[in-house]
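Q: Residue 96 in my numbering sits at position 96 of the sequence shown, and the numbers go up by one each step. Before we start, here is the structure in question, set down as structure tokens.
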Amino acid sequence: MKSFYRKSLLFVFGVLCVGLLTVASPRTAFGQNGAQPPLIDRELFFGDPEISGAQISPDGKFIAFVKPFKGTRNIWVKRTEEPFDAAKPITADKSRPISQYFWSRDGKYILFVQDKAGDENYLVYAVNPAESPAAGEDVPAARNLTDAKGVRAAIFAVPRSEP
Numbered sequence: 001m002k003s004f005y006r007k008s009l010l011f012v013f014g015v016l017c018v019g020l021l022t023v024a025s026p027r028t029a030f031g032q033n034g035a036q037p038p039l040i041d042r043e044l045f046f047g048d049p050e051i052s053g054a055q056i057s058p059d060g061k062f063i064a065f066v067k068p069f070k071g072t073r074n075i076w077v078k079r080t081e082e083p084f085d086a087a088k089p090i091t092a093d094k095s096r097p098i099s100q101y102f103w104s105r106d107g108k109y110i111l112f113v114q115d116k117a118g119d120e121n122y123l124v125y126a127v128n129p130a131e132s133p134a135a136g137e138d139v140p141a142a143r144n145l146t147d148a149k150g151v152r153a154a155i156f157a158v159p160r161s162e163p
């Protein structure tokens, strides 16, 4: 019995040694020629994405996403059948990026939260993506739904009965 135990232990030890040598080999760590792989640019990890946070409207007519507009991340909208080049911005904040947005249940509005000057007192706004901008404006007007000073508003749920 001791002989079987010793042989088993020797076999396990041998497998572990071979495994460790394989993992520690420079060929497996750096490729066949031993050279290190090229470094990935930091901008790819830490820079603003070109497009992020895409959402389809509940009625399936629009796609909304976050993309830079005038140097700051804002919400853009396009019809589902249109190319991304046809998208139009519906928010135009120049100082603070839009962090969160949601479609209303009926798909008529986009609700988003935004703070002013980095105070983290978020307000909730609604904007109609089908609306045209007023003369001289880049985006349709957003309606402030929570006009309160010194408080932080958030969207926890969008009711089905009152979109």
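Just so it is clear, CB atoms sit at the ideal spot from N, CA and C, and this is done for glycine as well. All of these numbers come straight from a predicted model, not from anything done at the bench.
Report all residues from its chain with a CB closer than 8 angstroms to the CB of Phe102; omit the five preceding and five following residues, and keep chain order.
A: Gln55, Ile110, Leu111, Phe112, Ile155, Val158
Q: Using CA atoms only, rank isn't needed, just tell me which of Arg96, Gln114, Ile90, Lys61 is closest to Glu81.
A: Lys61
Q: Just tell me which of Tyr122, Pro140, Asn128 has its CA closest to the CA of Gly150.
A: Tyr122
Q: Determine the closest residue to Ile98 out of Arg73, Asp85, Ser104, with distance taken between C-alpha atoms.
A: Looking at the Cα atoms, Arg73 is the closest of the given residues.
Q: In or out: Ile51 buried (at least 16 other Cβ within 10 Å) or exposed?
A: exposed
Q: What distance in whole Å lies between the Cβ atoms of Phe69 and Pro89, which are believed to be in contact at a cut-off of 8 angstroms?
A: 4 angstroms
Q: Please report how far the alpha carbon of Ala126 lies from the alpha carbon of Thr91, in whole angstroms.
A: 10 angstroms
Q: Note down, in chain order, each residue of its chain lying with its Cβ closer than 6 angstroms to the Cβ of Trp76, except the 5 sequence neighbours on either side.
A: Phe65, Lys67, Ala87, Pro89
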